[in-house]
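**Q** Dumping the structure here so I can ask a few things about it.
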């Protein structure tokens, strides 16, 4: 990239600068710290970056142009100059009606995509009247028991005009089936339905623990969704392979992309083993990353992930369709970085994290509300979070040129370093028999826990400053409006569920569940019988119980 003679002159000029200017300054004033690292400590930052730090960079093979391999500079030719990222705001209030109202509000405020949060019982495949659901109904998101609840959530919201992301994993096939059923009711061609289901079970075993079934049948459900959507719902992203929760659990940036892409490799291999062609399903794969605090590290992380995935899909899987090699990702600002102390500071944190996501080329973005360290976000904080994205899009100028930090000596060097570290981690995963084996052995979780422990020690010792927490504190109690779920909501949700059970055709429900049980015992694709079951108003819990009976429940060893 640079002429050897030019590099030699730059090295000599740097040595002269160090001797004549830098060293006397250091002797007199020193520096703030002995060493400087990226936010997660993965890479030590040089004092100054020059062309010598990117001397081995080949523009064609390492960077290229947007929309062309290796996609370091973006997956689309025009990126945000052609179309802004989808602005999503995560919403899922206690009841279906409240969620519908919040969705309508967000659309009115300019949100271009919906993002749906589910309560813990729904995520674990329990109905609201189950003993295991007591006290949790509607607390972390909306309670969805049957198709009736989804009908209320999307009342007056035409599915051919919105894109919907659903953060659901173990019962993802059930919630996808409900969305397809709503589209059918509205008369929307299935081929026009747009959105994403998270459907990423491996990261549940790693970081979130919201699993139901053991890994093998869980992987079957995922590949069945791949097959169904490739044939029926081609515009729907069948999985959002999530590094977000891995980072929330404490990983480094390099671990985040390595373990996420490792999960992606495992899913692709399982789909191939099931007889699918890579180019039939790979274009519908999407990724979900965390947008954390250190702007340069995060931008480099996103660029490294794109380049690495393009190579994996090309060299490891022989993908021929360029779309199969394009890493498209949604980003969410870092929930674990939000503080209960001085919550107004979270507005600033979210803005900088969103800036990193946009500079890194995100296809969609969710910005957290300032109060999410305390509760579900209020309407006002959600509006501020959305306005943060809109100001970035229309006032900051960062969306007006493609990959604006591309060519920065620091960013290109960090991109190379993060990619190299991620490759080493992926090699270690392969040595352990692949991602599933590495997860089941507890190795992945231990790697993340070690980093999280070190970071917490740094905070407690004061080595790592968190503004308002261990430095720059104030004694004032925060005055914050809290969004609370009414205790009566659980009772009312149970009553609505009973009404559904009273009104439906029990024989049709039993017949549909019997067909599903037969499919689970055999090798048929499970999604079509699940669609039939939800249309008969079988509940999330009933469908999940049929699969529990056949597949069992996962019992972690670690």
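In the working numbering, the protein residues as written are -5 to 552. Idealized CB from N, CA, C, for every residue including glycine. On a predicted model such as this, the values are computed, not experimentally measured, just so you know.
1) For residue 505, name the three-state secondary structure that DSSP assigns.
2) Which residue or residues does DSSP assign as beta-bridge partners of residue 126?
3) Under three-state DSSP, which class holds residue 284?
4) In angstroms, rounded to a whole number, what distance separates the CA positions of residue 224 and residue 195?
5) Taking only three categories from DSSP, how would you classify residue 383?
6) What did DSSP end up calling residue 245 once you bin it into helix, strand or coil?
7) Tell me whether the beta-carbon of residue 75 lies closer than 9 Å to the beta-carbon of residue 393.
8) Of the choices 33, 530, 488 and 453, whose alpha-carbon is the least far from that of residue 293?
9) Would you kindly work out how many angstroms separate the C-alpha atoms of residue 166 and residue 191, rounded to a whole number?
10) Go ahead and pull the three-state DSSP assignment for residue 553.
11) Count Cβ pairs between the segment 357 to 374 and the segment 48 to 61 that sit closer than 8 Å; are there 3 or more?
12) For the beta strand (DSSP E) that contains residue 326, what are its first and last residues?
13) Whose CA, out of 312, 425, 434 and 275, lies closest to the CA of residue 219?
14) Would residue 498 pass as a contact of residue 119 if the rule is Cβ separation under 9 Å?
15) Out of 264, 83, 238 and 423, point me to the one whose CA is closest to residue 214's CA.
16) Would you identify the three-state DSSP class for residue 538, choosing helix, strand or coil?
17) Note the first and the last residue of the continuous beta strand (DSSP E) segment covering residue 188.
18) Secondary structure at residue 337, three-state DSSP: helix, strand or coil?
19) Determine the direct distance from the alpha carbon of residue 510 to that of residue 492, and round the result to whole angstroms.
20) Work out the CA separation of residue 468 and residue 20 for me, nearest whole Å.
21) Can you look up residue 603 in the DSSP assignment and give me helix, strand or coil?
22) Residue 94 by DSSP, collapsed to three states: which one?
23) If we cut at 9 Å on Cβ distances, does residue 101 have a partner in chain E?
24) Grab me the residues of residue 227's own chain with a C-beta within less than 6 Å of its C-beta, minus the 5 sequence neighbours each way, in chain order.
25) If contacts are defined as beta-carbon pairs under 8 Å, then residue 273 and residue 318 qualify, I think. What distance do you get, rounded to the angstrom?
26) I need the straight-line Cα distance from residue 522 to residue 175, nearest angstrom please.
27) Do residue 416 and residue 252 count as a contact pair if the criterion is CB distance below 9 Å?
28) In chain order, what residues of the same chain lie with their CB nearer than 7 Å to the CB of residue 46, ignoring the 5 residues before and after it?
29) Excluding five sequence neighbours on each side, which residues of the same chain lie with their C-beta closer than 7 Å to the C-beta of residue 238?
30) Can you give the beta carbon distance from residue 345 to residue 359, rounded, assuming they're within the 8 Å contact cut?
31) From which residue to which residue does the alpha helix (DSSP H) around residue 355 run?
32) Since residue 112 contacts residue 131 with CB under 8 Å, what's their CB separation in whole angstroms?
33) Considering residue 233, what are the terminal residues of the beta strand (DSSP E) in which it resides?
34) So residue 289 and residue 350 are in contact, right, with Cβ under 8 Å, and what is the actual spacing, rounded?
35) Return the first residue and the last residue of the alpha helix (DSSP H) that residue 110 is part of.
36) Got a sec? Which residues, its chain only, sit under 7 Å from residue 124 by beta carbon, not counting five neighbours each side?
**A** In terms of the structure at hand:
1) DSSP places residue 505 within a helical segment (H, G or I) once states are collapsed to three.
2) According to DSSP, residue pairing for residue 126 in a beta bridge does not occur.
3) In this structure, residue 284 counts as strand in the three-state DSSP scheme.
4) A straight line joining the alpha-carbon of residue 224 with that of residue 195 spans about 20 Å.
5) Correct three-state label for residue 383: helix.
6) Per DSSP, reduced to three states, the secondary structure at residue 245 is coil, with no helix or strand assignment.
7) Yes, Cβ-Cβ distance for residue 75 and residue 393 is below 9 Å.
8) Closest by alpha carbon: 33.
9) Distance between the alpha carbons of residue 166 and residue 191 is about 7 Å.
10) Outside the shown range of the chain, which is -5 to 552, sits residue 553, and nothing can be said about it.
11) The answer is no - the segment 48 to 61 does not touch the segment 357 to 374, with fewer than three Cβ pairs under 8 Å.
12) Run containing residue 326: 323 to 327, per the beta strand (DSSP E) assignment.
13) Of the listed residues, the one whose Cα sits closest to residue 219 is 275.
14) Going by C-beta atoms, residue 498 is not nearer than 9 Å to residue 119.
15) Answer by Cα proximity: 264.
16) Correct three-state label for residue 538: helix.
17) Annotation for residue 188: the continuous beta strand (DSSP E) segment containing it runs 188 to 191.
18) Residue 337 falls in the coil class under three-state DSSP.
19) Approximately 23 Å, taken between the alpha carbons.
20) About 34 Å.
21) Examination of residue 603 is not possible in this model, given that the chain is present from -5 through 552 alone.
22) In the three-state reduction of the DSSP assignment, residue 94 falls in the helix class, which pools H, G and I.
23) Protein chains in the displayed structure number just one, and chain E is not present.
24) Only 184 and 187 meet the Cβ criterion.
25) The distance from the Cβ of residue 273 to that of residue 318 is about 5 Å, consistent with a contact at the 8 Å cut-off.
26) Cα to Cα, the separation comes out at about 11 Å.
27) Contact annotation: residue 252 and residue 416 have beta-carbon atoms nearer than 9 Å.
28) If you ignore the 5 residues before and after residue 46, its C-beta comes within less than 7 Å of the C-beta of 1, 4 and 5, all in its own chain and listed in chain order.
29) Cβ neighbours of residue 238 beyond the five flanking positions: 282, 283, 284 and 326.
30) The pair is not a contact, with the Cβ atoms about 12 Å apart (cut-off 8 Å).
31) No alpha helix (DSSP H) holds residue 355; DSSP gives it neither H nor E.
32) That belief does not hold up - the Cβ atoms of residue 112 and residue 131 are roughly 11 Å apart, past 8 Å.
33) Element bounds for residue 233: 233 to 236.
34) The Cβ separation is near 5 Å, so the contact holds.
35) Annotation for residue 110: no alpha helix (DSSP H) segment contains it, though the beta strand (DSSP E) segment containing it runs 107 to 110.
36) Closer than 7 Å at Cβ, skipping near neighbours: 115 and 535.
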